[in-house]
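Notes to accompany the following structure.
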Amino acid sequence: MGLYDREYYREEHARREVWQIGPVTLGLIGVMVAVFFLQLAMINIREYLTYYDPLLYWGGFSLDKILDGEVWRLLTSLFLHHPAQNLWLFAASLVILAYCGRSVEGTYGPKEMFWYYVLTGLVTQLALFAVSYFRPFNFEPPDPGYGCSGPVVAVMVLFALHAPNSQVPLLFGSVRAAPLAAVIILVNLALFALNPRQAFGAISALSGAAFAFAYHQNHWRVSNWIPDLPGLRKTQTRSPIKSRPLFQDDPPEPSTPIDLRRPAEPPEPVPTPAITSPATVHEYLEAQLDQVLSKVAQHGKASLTPTEQEILLRASEVYKSRRK
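Encoded structure:
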């Protein structure tokens, strides 16, 4: 029987809404949408149809202005876009961030999600800064540069590493997470190979994907490096998860929210006996307890689910009652 056939799993996930988004993910999307419409409102078409966007020219990536001290551009450019270009890419980024970000935030907590997004954005921008400064392969940095592809791809890849078989809804339908992440990486590799001199977006996306792989492989927790901020509750995460296919049997329906904090592969469950007497109940509880204790011995107590912790508590109460 697969994990999704088990009653406690269905009951736990039935309480969660399909598109319930955490505060950090929702806030990031809200800021990008608000900035986008603010850019639309401030666009000025000057003489000779010259396009001028004051927000983009104030906060977009610019090597010369960053070297002059305007270091805020390393972060503000992540929330800026060109309202007249690549609208479908902007919309797809919001959908991917909404779906993948909610599961990443639900797993790691709001604080970790916030700092993961900020740090991946900063890492991708520093990669672009280094390439723009040293000019390998005659790279031509845009002035100004903009876009959120780096951190969004990092969130998408981290989600795919945890839940490769889950369905990600896009504008044209649903796609499995692992193939979608692979296609995104391959497309950006192709764009870089075809025109490395102007591969600003490809470098950003590839550096974000590389950071996500390193984050997952080394079990980093960015929030452990950062002091608490007001409003971002510190959430204790479980023990690091080893890389492996998580959905080996029947995957959930596309609308089922994904819990990324699944522990390592549990032992095969024993068949459930018919519970007709107190003695049978205790035998069934002992069989469950054996599985839980085996899992604790292999992976530690931190890997237990709330249901398994409840089994430990029930067993403790039964054994206490037997001593009386």
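In UniProt numbering, the protein residues as written are 1 to 324.
In this text, a Cβ means the ideal position worked out from N, Cα and C, and glycines have one as well.
Could you tell me which of the options sits nearest to residue i, measuring between CA atoms?
i    : options                : result
V153 : L67, N138, A41, T124   : T124
D290 : V222, G147, L312       : L312
L55  : P196, W72, L191        : W72
G150 : L126, R135, P142, Y133 : L126
L128 : L194, P144, S93        : P144
S103 : M156, F79, F192        : M156
R197 : R176, V131, I43        : V131
G121 : E105, F137, Y146, P141 : Y146
V24  : V318, F114, A297, S93  : F114
A41  : L67, L63, Y108, H82    : H82
F137 : I66, N218, F200        : F200
L180 : I29, A160, Y215, L97   : A160
Could you tell me which residues DSSP puts in a beta bridge with residue i?
i    : result
Q167 : R176
Y52  : N44
Helix, strand or coil: how does DSSP classify residue i here?
i    : result
A61  : The displayed chain sequence assigns Phe, not Ala, to residue 61. DSSP places F61 in strand when its eight states are reduced to three.
G145 : strand
N44  : strand
Q85  : coil
N218 : coil
I311 : helix
D290 : helix
G30  : helix
L80  : coil
P227 : coil
Considering residue i, what are the terminal residues of the alpha helix (DSSP H) in which it resides?
i    : result
T305 : It is not in any alpha helix (DSSP H) - T305 carries neither H nor E in the DSSP assignment.
L126 : 110-134
R73  : 73-76
Taking the CB atoms as reference points, tell me whether residue i and residue j lie closer together than 9 Å.
i   : j   : result
Y52 : I43 : yes
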